[in-house]
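Heads up: the sequence shown is residues 497 to 758, going by the working numbering.
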Amino acid sequence: MSDDVSDFNKARWEDLAQAGVEWSQPWIDLDMASAREQLDPYEIMGNVTGKAVLCLAGGGGQQSVAFGLLGADVTVIDIAETQLDRDRQALAHHGLTARIEQGDMRDLSRFADDSFDLVWNAWSINFVPDTGPVFNEVRRVLRPGGLYRLVWGNPFSGMIDETDWVQDGYLLKRVYADGEVIMDDMDWEIEAEDGSIKKIPGPREFIHTVSTVVNGLIGRGFEILGLWEEEKGDPLAEPGSWEYLKALAPHNISLWSRYRGE
């Protein structure tokens, strides 16, 4: 699948991954305990030994390794080849194997129906304008009773830029509507090993409201098991900084659901 959005974001993610963005830094120092803590802090997932797991838009050498250490049969699909190279490197480091596929999260036609026991959707659904095609594909490839874990951007915090601090508050500048573009011309700041900061153009991102996500899943036969806001940020940080904004408006929302089947 290829369109203007996927072509644009693929190019941006290749550049970000090559620059060493946080989500392209393989998890080299994991063991089984730390792998489970990374994947399942809310103790929803259960035992994944021998389970077929799809890391959806999940390249970067992180979740694939964690699932592999826990004994899962891992498949990774990501739009950026450099992200997948990180998986190959991390898996080789740990002596693990996985099926590696390059592609768009909206088109999983290479996978048969009922292929997976768990789909792990890393922070990526905000890079497409419509959640529907992704949810349709996840429903198709999940077995009845399978789990879907999704993390996406808090739509409220997506309306605010960290630098939009004015005297004693933040400006709300964007329309709160599903599919609205959050940004497509903002540089991401990446810290190099020597402490220097590189600015790399970021991908195009879109708002997805909580009601769109939750109702979209329920309407497709998913049972919501839990939803959590990210509890990070520093309320004592400098106003106008990223850490301060995260303390006021949690950046991420995580959701676990179970597909009930037709």
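We treat Cβ as the ideally placed atom computed from N, Cα and C, and that holds for glycine.
CB residue i to CB residue j, shorter than 7 Å?
| i | j | result |
| --- | --- | --- |
| Gly557 | Asp525 | no |
| Asp581 | Ser502 | no |
| Trp648 | Asn622 | yes |
| Asp574 | Ala608 | no |
| Ala515 | Ile696 | yes |
| Val615 | Leu565 | no |
| Thr627 | Gly555 | no |
| Ser560 | Ala594 | yes |
| Ala513 | Gln579 | yes |
| Ile596 | Val572 | yes |
| Glu739 | Ala733 | yes |
| Met684 | Gly665 | Residue 684 is actually Trp in this sequence, not Met. Not a contact, by the Cβ cut-off of 7 Å. |
| Gly757 | Lys742 | no |
| Glu510 | Ala576 | yes |
| Asp610 | Arg639 | yes |
| Tyr644 | Val634 | yes |
| Ile693 | Val517 | no |
Name, in chain order, the residues that DSSP records as bridge partners for residue i.
| i | result |
| --- | --- |
| Leu833 | Since the displayed the chain opens at 497 and closes at 758, residue 833 lies outside it and no answer follows. |
| Ile816 | This structure gives no information on residue 816, because the portion of the chain shown stretches from 497 to 758. |
| Pro697 | Asp683 |
| Tyr666 | Trp661 |
Can you tell which of the options has the C-alpha that lies nearest to the C-alpha of residue i?
| i | options | result |
| --- | --- | --- |
| Ile720 | Val662, Val710, Ala548, Lys728 | Val710 |
| Phe612 | Pro731, Val570, Ile656 | Val570 |
| Pro735 | Gly717, Asp511, Thr659 | Thr659 |
| Gly654 | Leu643, His747, Gln663 | His747 |
| Trp752 | Gly555, Gly641, Leu646 | Leu646 |
| Leu723 | Ile749, Thr708, Gly729, Ala743 | Ile749 |
| Tyr451 | Arg716, Glu518, Trp519, Asp536 | The requested residue 451 is not part of the displayed model; the chain covers only 497 to 758. |
| Thr545 | Ser737, Ala562, Ala745 | Ala562 |
| Met528 | Glu518, Asn543, Gln521, Asp500 | Asn543 |
| Asn617 | Leu535, Lys669, Lys694 | Leu535 |
| Val706 | Asp657, Phe652, Arg670 | Phe652 |
| Ser605 | His590, Trp619, Val630, Glu727 | Val630 |
| Trp619 | Glu633, Asn650, Val637 | Asn650 |
| Ala673 | His590, Val624, Ile714, Thr708 | Thr708 |
| Phe718 | Gly567, Asn632, Ser520, Glu533 | Asn632 |
| Gln521 | Glu727, Glu689, Glu725 | Glu689 |
What three-state label does DSSP hand residue i in the structure shown?
| i | result |
| --- | --- |
| Leu732 | coil |
| Phe607 | coil |
| Pro625 | coil |
| Leu614 | strand |
| Trp661 | strand |
| Gly641 | strand |
| Val630 | helix |
| Val677 | strand |
| Tyr672 | coil |
| Phe718 | strand |
| Tyr740 | helix |
| Phe702 | strand |
| Asp583 | helix |
| Glu518 | helix |
| Asn505 | helix |
| Gln558 | coil |
| Ala529 | helix |
| Ala745 | coil |
| Leu713 | helix |
| Ala688 | coil |
| Gly654 | helix |
| Gly546 | coil |
query = At a cut of 8 Å, does the segment 695 to 702 reach the segment 668 to 677 through at least three beta carbon pairs?
reply = Segments in contact, yes.
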